[in-house]
Amino acid sequence: MAEALQGADSAQPVADLLESVGAELSDARQHVYLVTFARLLAATLAANPARRDPSGFSREQIGSCLQDAIDNPMAYAVGGRPRSNQGGIVVKYVVFRETRQDGSYHFHIAAKLTSSQRFSAFKRTLLQRHGLVSNWSCSHSSFWSAVRYGFVPSEAKPVVDAQCFQWAADGLAWDLFEASQEPFRADSWRQRREKKDKQAEAEGKSIGFTKLDLLSLVLSKNLRTKRKLLTYAQNHGTVPMQSFLSKHQRRLPEFIEDALEWESAPAESAVEELTDWDLLCQAADQPCPHGDQCVYKTACDQIFELNAASFSWVSLAVALRSVIVSGPSKTRRVPFLVGSTNSGKSTLLESFDSLFGEVNVFHLPALTDKRFALRNWLRHKRFVFWDEFKPVQFAEAECLPIPQFLKAFNGDLFEIQVPQNAHDGNVDFRWTRGVRPLQPKSEVCSPPQSL
Numbered sequence: 011m012a013e014a015l016q017g018a019d020s021a022q023p024v025a026d027l028l029e030s031v032g033a034e035l036s037d038a039r040q041h042v043y044l045v046t047f048a049r050l051l052a053a054t055l056a057a058n059p060a061r062r063d064p065s066g067f068s069r070e071q072i073g074s075c076l077q078d079a080i081d082n083p084m085a086y087a088v089g090g091r092p093r094s095n096q097g098g099i100v101v102k103y104v105v106f107r108e109t110r111q112d113g114s115y116h117f118h119i120a121a122k123l124t125s126s127q128r129f130s131a132f133k134r135t136l137l138q139r140h141g142l143v144s145n146w147s148c149s150h151s152s153f154w155s156a157v158r159y160g161f162v163p164s165e166a167k168p169v170v171d172a173q174c175f176q177w178a179a180d181g182l183a184w185d186l187f188e189a190s191q192e193p194f195r196a197d198s199w200r201q202r203r204e205k206k207d208k209q210a211e212a213e214g215k216s217i218g219f220t221k222l223d224l225l226s227l228v229l230s231k232n233l234r235t236k237r238k239l240l241t242y243a244q245n246h247g248t249v250p251m252q253s254f255l256s257k258h259q260r261r262l263p264e265f266i267e268d269a270l271e272w273e274s275a276p277a278e279s280a281v282e283e284l285t286d287w288d289l290l291c292q293a294a295d296q297p298c299p300h301g302d303q304c305v306y307k308t309a310c311d312q313i314f315e316l317n318a319a320s321f322s323w324v325s326l327a328v329a330l331r332s333v334i335v336s337g338p339s340k341t342r343r344v345p346f347l348v349g350s351t352n353s354g355k356s357t358l359l360e361s362f363d364s365l366f367g368e369v370n371v372f373h374l375p376a377l378t379d380k381r382f383a384l385r386n387w388l389r390h391k392r393f394v395f396w397d398e399f400k401p402v403q404f405a406e407a408e409c410l411p412i413p414q415f416l417k418a419f420n421g422d423l424f425e426i427q428v429p430q431n432a433h434d435g436n437v438d439f440r441w442t443r444g445v446r447p448l449q450p451k452s453e454v455c456s457p458p459q460s461l
């Protein structure tokens, strides 16, 4: 391609331009490409009238040509396998125009596709259908990297295009600054830290060790206990790492927990976007990994069969759905599942811990906590599962007074007492999600006179 292109000036030949964007690899299959359209030599245009100089295109026009070449590539004349994916495969792209010292300009396009593709058919289509010579850089494996090349100023390229053209298949606007940032990866962060350590060592300098350095170390090296972390630091850690861990040694379990929360945040964030009922339906639609040999399903079937005279799985499902979808109220009563010990009450409902995650389920508070028994309810819970709940006993112990109990399970507003060092002592609260209390049959009795 270089021999057909005009460089910016004598100080920057075309070879330098192509080297800066990255080389083409004929056998590459990628879902991200950085495509360059550089200015053609006058002699090349004269010898090839069908070819067109990209300097005569707008950003939107050059982007449309690229999209057409990718979504509708020309078929091979002979042989080859027909394209299996019919329809648009461009997810999004952004067009950058770079102006040269002589007033001419060239284009860079960062493009993201739905799947990994070879670029040869796209390049040939651009040339034969649109008369455009292109270079397909294979040095960017991630979209953020290709976008960053054209969007973020650098020492080698201090001026960037402030009027770039963006396009997305879904028609939604997207933030270029966000798209140009490298997503966090624990191993990448740790490796960058190690390079900084080596450079600092060579220069005789010392650099600090941060908490994010620690999180990346914990996740990339799977150091998920305090002892493992300390052992690794003693055997393989740098002086700044050892100093940081020694200084914060008592807080290391907390930091490890933060690392695990950091790691699980993307998956949990996706789950948070679903309603509780949608999450339940999504799980129900998935096939059981144990198939017909599922012991849990067999146990539940037996429990419903043995208790068919009392209730059915349909009635339980209807009650659960009503409360999970809209929360408890005076018209959506919270049914208590009452039965003798070891009758299977917990077995029917303990799977909600797995569905929502144990930390997202509010379990039975401690009977001895008379002041702050409900404070954990305020911590972003998705379900209430009170196994072995004894309402009379909790009310008598003043752990859950009767008025508070009635308001909580009627969907009314009530107050939860919390320590004054965290709040003013009371928090207004209304529960609008699923709840399922289980009560031992032996505790169904008349309340004592004190109540």
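Everything in the sequence shown is counted per the working numbering, starting at 11 for the first residue and increasing by one. Here a beta-carbon is modelled for each residue, glycine too, at the ideal position from N, C-alpha and C.
Outcome for residue i when other beta-carbon atoms lying within 10 angstroms are tallied against a minimum of 16
i	result
residue 306	exposed
residue 218	exposed
residue 135	buried
residue 42	buried
residue 200	buried
residue 34	buried
residue 349	buried
residue 419	buried
residue 113	exposed
residue 284	exposed
residue 369	exposed
residue 239	buried
residue 286	buried
residue 144	buried
residue 173	exposed
residue 180	exposed
residue 104	buried
Backbone CA spacing between residue i and residue j [nearest angstrom]
i	j	result
residue 215	residue 203	14 Å
residue 73	residue 328	53 Å
residue 140	residue 127	20 Å
residue 189	residue 125	18 Å
residue 230	residue 381	42 Å
residue 378	residue 402	14 Å
residue 311	residue 363	20 Å
residue 171	residue 49	17 Å
residue 56	residue 137	16 Å
residue 326	residue 320	11 Å
residue 384	residue 409	9 Å
residue 448	residue 297	28 Å
residue 226	residue 209	19 Å
DSSP-derived helix/strand/coil call for residue i
i	result
residue 62	coil
residue 2	Outside the displayed span of the chain (11 to 461) sits residue 2, for which this structure offers no information.
residue 223	helix
residue 155	helix
residue 252	helix
residue 229	helix
residue 360	coil
residue 190	coil
residue 384	coil
residue 491	The displayed coordinates of the chain run from 11 to 461. Any statement about residue 491 would go beyond what the structure contains.
residue 240	helix
residue 90	The predicted position of residue 90 is uncertain, since its pLDDT is 47 and thus under 50; no value can be drawn from it.
residue 447	strand
residue 51	coil
residue 377	coil
residue 300	coil
residue 1	Because residue 1 is not part of the residues shown, which for the chain are 11 to 461, the question remains open.
residue 272	helix
residue 287	helix
Residues near residue i by beta carbon distance below 6 Å, same chain, minus five either side
i	result
residue 207	248
residue 252	243
residue 38	148
residue 407	377
residue 186	161
residue 323	314
Contact set for residue i: own chain, Cβ-Cβ below 8 Å, skip 5 residues either direction
i	result
residue 235	266
For residue j and residue i, believed in contact at Cβ under 8 Å, the rounded distance
i	j	result
residue 157	residue 120	5 Å
residue 69	residue 175	4 Å
residue 75	residue 142	6 Å
residue 100	residue 77	5 Å
residue 160	residue 106	3 Å
residue 355	residue 371	The Cβ separation is near 16 Å, so there is no contact.
residue 290	residue 365	6 Å
residue 64	residue 116	6 Å
residue 399	residue 374	6 Å
Contact set for residue i: own chain, Cβ-Cβ below 7 Å, skip 5 residues either direction
i	result
residue 442	337 and 421
residue 411	405
residue 437	388, 425, 426 and 428
residue 333	342, 344, 444 and 445
residue 61	50, 54, 55, 141 and 143
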